[in-house]
Amino acid sequence: MTLKIYGYAQSRAVRTLWLCEELGVPYELVHTGTSDGGTRTAAYLKVNPAGHIPAIDDGGFTLSESMGINLYLAKKHGKLYPTTPQGEAKAWQWSFWVMSELDAPIVRWITHGMLLPAAQRDVAVAREAREAMEWPLQVLDGAVAKQSYLVEPDQFTVADLNVASVLYRLLFVDLSGKSHLEAWLKRCWGRPAALKARALRES
Ligand SMILES: N[C@@H](CCC(=O)N[C@@H](CS)C(=O)NCC(=O)O)C(=O)O
-13 MTLKIYGYAQ SRAVRTLWLC EELGVPYELV HTGTSDGGTR TAAYLKVNPA
37 GHIPAIDDGG FTLSESMGIN LYLAKKHGKL YPTTPQGEAK AWQWSFWVMS
87 ELDAPIVRWI THGMLLPAAQ RDVAVAREAR EAMEWPLQVL DGAVAKQSYL
137 VEPDQFTVAD LNVASVLYRL LFVDLSGKSH LEAWLKRCWG RPAALKARAL
187 RES
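If you read the sequence shown in the numbering used here, its first letter stands for residue -13, the second for the next number, and so on.
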C-alpha cells in the first residue's frame, strides 16, 4: 500500500517529502490544508488527533510529528539511519534539539519578518525571535566546523536532513559569520532529493 503523507509541500510536510525522495519510497501526498480547516476535519483527526500536519499512514499505521515520522521511515527503510545505538541516539538528540531550540523561533521570525502583511507584522516579535535563534545557530556552526555532517563525520544522515529541513528559510539569509553552518546547509539542501523537495515547495 502506498505511503500517504498528509499536508502540503509549503508546510512542515516538506521534511517528509524530502526524506521520501532520499529513500526512494513512493508516496501519495494527500492535500491537507491548514487555513481551510483541513487539519480539523473528523476524517483527518482520525489520522492525527493532534490536528497538525504532517502525518503519515503507512499501511494502516498512522504517525505524526515530522521528526518522529522521518526517524521511523529512515529506520524502517534502512537508509540514512545511523547503524550504531550511539549514532541512533545522536540522530534523536539533534532532532529533539532542533525542535526545541529552533523550530518555533524560526516560524515567529519568518511570520513577523516576512509572511504577514506589513501592517500585521510585529517588529519586536521578529527581533526577539532572531535573538533566540542566535545561540543555537552558533552551536550548529560549531558542530559542523570539524566534520561535514552532524552524526557521521563524512556521511549525510537523517539527523542532517531533520535539522536542515527546519532551517530551510535560512538558505535565503546572510549567514556570513557562520560559514560552516552556511556550507553545511547548502550541502544538505543541494542534494538531488532535496532539490526535488524544494521544487515541490517552491512550485
Ligand atoms: N511539531 C509538529 C508541528 C506541526 C505543525 O504545527 N504543523 C502546522 C503546519 S506546518 C499545522 O499543522 N498547523 C495547522 C494546525 O495546527 O491546524 C511537527 O513537527 O510535525
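Beta carbons are placed, not taken as given, at the ideal position from N, Cα and C, and that holds for glycine.
| field | Reduced DSSP secondary structure (H/G/I, E/B, other) of residue 45 | value | Three-state DSSP puts residue 45 in coil, outside helix and strand.
| Classification of residue 71 by the beta-carbon crowding that lies within 10 angstroms, buried from 16 upward | exposed
| said: Just to confirm, is the Cβ distance from residue 61 to residue 67 under 8 Å? | reply: Result yes, Cβ atoms of residue 61 and residue 67 sit closer than 8 Å.
| For residue 21, does the count of other Cβ atoms within 10 angstroms reach 16, so buried, or fall short, so exposed? | exposed
| request: Go ahead and pull the three-state DSSP assignment for residue -9. | output: strand
| field | Secondary structure of residue 191, DSSP reduced to three states | value | Here the chain comprises residues numbered -13 to 189, so residue 191 is not present and cannot be evaluated.
| message | Suppose contacts are defined by Cβ-Cβ distances below 8 Å. Is residue 8 in contact with residue 147 by that definition? | response | Less than 8 Å divides the Cβ of residue 8 from the Cβ of residue 147.
| field | Inter-residue Cα distance where the pair is residue 45 and residue 78 | value | Each residue's Cα considered, the two are about 24 Å apart.
| Which term fits residue 117, buried or exposed, when burial requires 16 or more other beta carbons within 10 angstroms of its beta carbon? | exposed
| said: DSSP three-state label for residue 138, please. | reply: strand
| query | Looking at C-beta atoms only, is the number of pairs between the stretch 137 to 146 and the stretch 100 to 110 that lie closer than 8 Å three or more? | reply | no
| query | Is residue 143 near ligand 1, in the sense that its beta carbon is under 7 Å from a heavy atom of that ligand? | reply | no
| Continuous beta strand (DSSP E) stretch holding residue 15: start and end | 13 to 17
| message | ligand 1 and residue 177: does the residue's C-beta get closer than 7 Å to at least one heavy atom of that ligand? | response | no
| said: I believe residue 152 touches residue 136 by the beta-carbon criterion, under 8 Å. Please report the beta-carbon distance rounded to the nearest angstrom. | reply: At roughly 13 Å, the Cβ-Cβ gap does not stay under 8 Å, so residue 152 and residue 136 are not in contact.
| said: Against chain B, with Cβ distances strictly below 8 Å, would residue 166 count as a contact? | reply: No chain B is part of this structure, which consists of one protein chain only.
| request: Return yes when at least one heavy atom of ligand 1 lies under 7 Å from the C-beta of residue 39, else no. | output: yes
| field | Buried versus exposed, by CB contacts within 10 Å (16 or more), residue 131 | value | Exposed, by the Cβ-count rule.
| request: Flag residue 100 as yes when its Cβ comes closer than 7 Å to any non-hydrogen atom of ligand 1, and as no otherwise. | output: no
| message | Please classify residue 41 as buried or exposed, where buried requires at least 16 other C-beta atoms within 10 Å of its C-beta. | response | With 16 or more neighbouring CB atoms inside 10 Å of its own CB, residue 41 falls in the buried class.
| Using the C-alpha atoms, what's the distance from residue 134 back to residue 170? | Approximately 7 Å, taken between the alpha carbons.
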